[in-house]
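First comes the structure, then the notes that go with it.
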Amino acid sequence: MFEINSFLNQSNYPKKSVEITKNKYKFYKNFSKKINIPKYKLVKNIKQILIFAQKYKFPIILKPIDSSGSKDVLFIKNKRDLIKTIKLKILSFKKKKLVQKFISWHQISAEALINDDKCALIISDRNYKDTKKFHPYIIENGGNIPAKITSILKKKIEVLILKIAKELKIKFGPLKLDLAIKKKKIFVIEATIRFGGGRVAHDISKKIYNYSLVELYIEFLKYGFVSIDKFKYNQDVHCVNIFFIANKQIRMKLINIDIIKRFRKNILIFYLTKKNRELVNKPKWHGDRCGMVTVFHKNYSKCSFIAKKISNNITSQINYQKN
């Protein structure tokens, strides 16, 4: 990222587009008549939330207009759930919030490098199977790359990302979309002018597509030209990301990494974000997760099996507590 930042003065993003993508409310307001955006409203108190929920029904999502990493994003199942979050001081109204109709847990991340009317595109499935454990917080636990979707849906996502890029007047550069899918309909949850934080655009991109989106971007910033045709899908590789997550407040321990050594030939990325003896908690946002592993394999089922085995081992060590 340092190398990218050193070239950013050459970047050609319109100021208005940057402002729109930094603010979810501005993005929704500008795009709600052009693409599918879940019903939303800017609110400042519980009464306004209840009016919205009466009209569009629970469940709903509450979130800030300008945060990332799922910080302060809440999933509210019903009125009782809403009142509980206020009583527990989980929800406050120091700043206005966005309330949004919940669409689906089938969510996808699309990271692209735009090049005029083309794009190099990575589509990932996002894993929310564990998010009930962290309610009302919404915590993603990795996912699959590439996403297990039809070629028709993939083409629709490519058309959508190019449409948004055109509206934002992006000629060349990163664009990331968070999407929800319901009944074959694509809803845009968020759009940002950057690559994601999960190393998909570099390490994983290089493994699956034989080229890094980040390196392609750096090439353009250096030389003013790059061919995205070199970005090609290697059908013999699947990747699965899984995070290590504490299920309670506990002190981080020295982790035995024998299982990492055992499966090292299938491990692309492994890291821990918390130090020994550091106090860790059940997550409230993505920054609370304790680390991650990315596994690759030519067989998706085997890839998923290894990733889960490693995750279960490391996570059980993090959460182990002597009586």
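Counting from 120, one number per residue, gives the positions in the sequence shown under the working numbering. Glycine included, C-beta positions come from ideal geometry on N, C-alpha and C.
(message) Threshold first: 3 residues or longer. Then list the beta strand (DSSP E) segments lying entirely within the segment 247-331, N to C.
(response) 262-264, 291-301, 304-311
(message) Given a cut-off of 8 Å on the beta-carbon distance, is the pair C358 and L387 in contact?
(response) yes
(request) Report yes if the C-beta distance between I437 and A365 is below 8 Å; otherwise report no. (result) yes
(message) With DSSP as the reference, identify every bridge partner of D244, one or two as the case may be.
(response) I227, N263
(message) Just list the residues that DSSP pairs G410 with in beta bridges.
(response) F363, L391
(message) With a threshold of 6 Å on Cβ separation, who are the neighbours of N246 within its own chain once the five nearest residues in sequence on each side are excluded?
(response) N260, G261, G262
(request) Alpha carbon to alpha carbon, how far is V137 from L398? Give it in angstroms, no decimals. (result) 36 Å
(message) Looking at I242: is its Cβ nearer than 8 Å to the Cβ of K273?
(response) yes
(request) Compute the distance between the beta-carbons of I347 and M411, then report whether it is under 8 Å. (result) no
(message) How far does the beta strand (DSSP E) with I433 in it extend, from its first residue to its last?
(response) Counting along the chain, I433 falls outside any beta strand (DSSP E), though it belongs to the alpha helix (DSSP H) covering 419-438.
(message) Just to confirm the assignment, what range does the alpha helix (DSSP H) spanning V345 have?
(response) Taken as a continuous stretch (DSSP letters only), V345 belongs to no alpha helix (DSSP H), as it is neither H nor E.
(message) Buried or exposed, going by whether 16 or more other CB atoms sit within 10 Å of the CB of V345?
(response) buried
(message) Let me make sure I understand the geometry here. Which of A172, F212, I233, I227 has the alpha-carbon closest to that of Q219?
(response) A172
(message) In whole angstroms, give me the CA-to-CA distance for Q167 and K160.
(response) 9 Å
(message) Let's test the definition: count the other Cβ atoms within 10 Å of the Cβ of V278 and tell me whether it reaches 16, buried, or not, exposed.
(response) exposed
(message) Quick check: P402 and Y336, are their CB atoms within less than 8 Å of each other?
(response) no
(message) Going by the DSSP bridge assignment, what does N234 pair with across the sheet?
(response) K237, F291
(request) Report buried or exposed for R383, applying the criterion of at least 16 other Cβ atoms within 10 angstroms of its Cβ. (result) exposed
(request) Give every residue of the same chain whose Cβ lies closer than 7 Å to the Cβ of K326, excluding the five residues on either side of it in the sequence, and list them in chain order. (result) V356, C358, L387, F415
(request) Please name the residue, chosen from N197, I184, V192, S187, that lies closest to F177 on a Cα-to-Cα basis. (result) N197
(message) Could you compute how far the alpha carbon of K237 sits from the alpha carbon of A231?
(response) 10 Å
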